[in-house]
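Residue numbers (my numbering): -9 to 279.
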């Protein structure tokens, strides 16, 4: 069996098993390619349609792929947990079940420069609140080499994973980890706060696929309307921002609930691959008003 044939077979098996996606891939084909390439020890950018990849795979490679496929379909855990790694904006991150799999859309607005018009030469301090495994903190430090980044989370377990990624990317001198319930232990003031909080509303939590239930509920559940954490954040944020500071907040599919909870706010909605309804920006002045 060739690499392309194995990926096609794995895609069919994933589809037949009815697994859920959303933790690094969005469909069975991409998930199959990721699973097989990892299992057989090939780089993720391998062109499996290239004729050079038409040679038959070794029996041990087929066995490794079969074992990983079985674990994926039977456990219904995200593939990232099973292999201990996920990628965000082309950057690899260590992951395990102590923190959610990194997938924040805020990574896109860091990478594409959407936030840059609100930053400047006086941007020195950034906070990644609800940092999870530290991926946004790492990406922020990479994108803006002159800033110092605080990475805060309520979960000591998540911070332990974040520490692995800070060390992995040699950023221990620029990223400080803080155990904090919201902004309580974040001193500030910050020029930029990034936050991918728990925002899934109760009805949506009850309908989540098994893959999401494998993640820490603390990082997902946002209360009846998904806005429990966000309410406290917006109340506390102004006193933790500099005069020209801004908050970049991800709310996923909860725009309707956000606007119902904060009808007088007029945020800037930032475009991402999910559209223009998932990530917003608020200045300190807008928050205070």
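Just so you know, even glycine gets a beta-carbon here, dropped at the ideal spot from N, CA and C.
Using the Cα positions of residue i and residue j, report the straight-line distance between them to the nearest angstrom.
| i | j | result |
| --- | --- | --- |
| residue 139 | residue 176 | 11 Å |
| residue 106 | residue 201 | 34 Å |
| residue 245 | residue 49 | 50 Å |
| residue 278 | residue 156 | 33 Å |
| residue 167 | residue 142 | 6 Å |
| residue 148 | residue 89 | 5 Å |
| residue 243 | residue 194 | 10 Å |
| residue 64 | residue 197 | 19 Å |
| residue 19 | residue 26 | 11 Å |
| residue 255 | residue 276 | 7 Å |
| residue 219 | residue 99 | 22 Å |
| residue 9 | residue 66 | 7 Å |
| residue 30 | residue 117 | 39 Å |
| residue 11 | residue 249 | 28 Å |
| residue 37 | residue -5 | 13 Å |
| residue 58 | residue 223 | 40 Å |
| residue 1 | residue 17 | 9 Å |
| residue 28 | residue 253 | 47 Å |
| residue 32 | residue 119 | 35 Å |
| residue 121 | residue 6 | 35 Å |
| residue 230 | residue 130 | 18 Å |
| residue 212 | residue 93 | 17 Å |
| residue 134 | residue 82 | 18 Å |
| residue 39 | residue 79 | 24 Å |
Would you mind stating whether residue i and residue j have Cβ atoms separated by less than 8 Å?
| i | j | result |
| --- | --- | --- |
| residue 186 | residue 144 | no |
| residue 108 | residue 14 | no |
| residue 86 | residue 151 | yes |
| residue 262 | residue 95 | yes |
| residue 260 | residue 237 | no |
| residue 160 | residue 188 | no |
| residue 172 | residue 190 | no |
| residue 22 | residue 34 | no |
| residue 192 | residue 174 | no |
| residue 91 | residue 205 | yes |
| residue 56 | residue 72 | no |
| residue 283 | residue 227 | One cannot answer for residue 283 here, as it falls past the ends of the chain, which runs -9 to 279. |
| residue 111 | residue 146 | no |
| residue 241 | residue 264 | no |
Identify, in the order they occur along the chain, each residue of the same chain with its Cβ nearer than 8 Å to the Cβ of residue i, setting aside the five sequence neighbours on each side.
| i | result |
| --- | --- |
| residue -9 | -1, 46, 47, 52 |
| residue 114 | 136, 137, 138, 181 |
| residue 258 | 270, 271, 272 |
| residue 235 | 179, 180, 181, 182, 183, 273, 274 |
Among all the DSSP beta bridges, which residues are the ones paired with residue i?
| i | result |
| --- | --- |
| residue 83 | 76 |
| residue 167 | 141 |
| residue 265 | 262 |
| residue 211 | 190 |
| residue 240 | 269 |
| residue 176 | Paired residues: none, contrary to the question. |
| residue 286 | Nothing can be reported for residue 286, as the shown portion of the chain is limited to -9 through 279. |
| residue 223 | None; residue 223 has no bridge partner. |
| residue -7 | Looking at the DSSP assignment, residue -7 forms no beta bridge with any residue, so it has no partner. |
| residue 231 | 180 |
Within a Cβ cutoff of 6 Å, which residues of the same chain sit near residue i, ignoring the five residues on either side of it in sequence?
| i | result |
| --- | --- |
| residue 232 | 179, 181 |
| residue 124 | 141, 152, 155, 156 |
| residue 68 | 13, 91, 201 |
| residue 239 | 185, 270 |
Are the C-beta of residue i and some C-beta of chain D separated by less than 8 Å?
| i | result |
| --- | --- |
| residue 138 | This model lacks chain D altogether; it includes just one protein chain. |
Apart from the five residues on each side of it in sequence, which residues of its chain come closer than 7 Å, Cβ to Cβ, to residue i?
| i | result |
| --- | --- |
| residue 158 | 84 |
| residue 221 | 251 |
| residue 44 | -8 |
| residue 162 | 156 |
| residue 199 | 10 |
| residue 247 | 191, 215, 216, 217 |
| residue 70 | 13, 14, 76, 85, 91 |
So does residue i have its beta carbon nearer than 7 Å to some heavy atom of the ligand ZN?
| i | result |
| --- | --- |
| residue 188 | In the structure shown, the ligand ZN is absent, as is every other ligand, since no ligand is present at all. |
Discussion item. Extract the residue ranges of the beta strand (DSSP E) inside the segment 92 to 137, only unbroken runs of 3 or more that lie entirely within it.
Written reply: The segment 92 to 137 contains these whole beta strand (DSSP E) runs: 115 to 119.
Fill in: Segments of 4+ residues assigned as alpha helix (DSSP H) that fall wholly inside the segment 0 to 85
Segments of the alpha helix (DSSP H) lying fully in the segment 0 to 85: 18 to 30, 49 to 65, 69 to 73.
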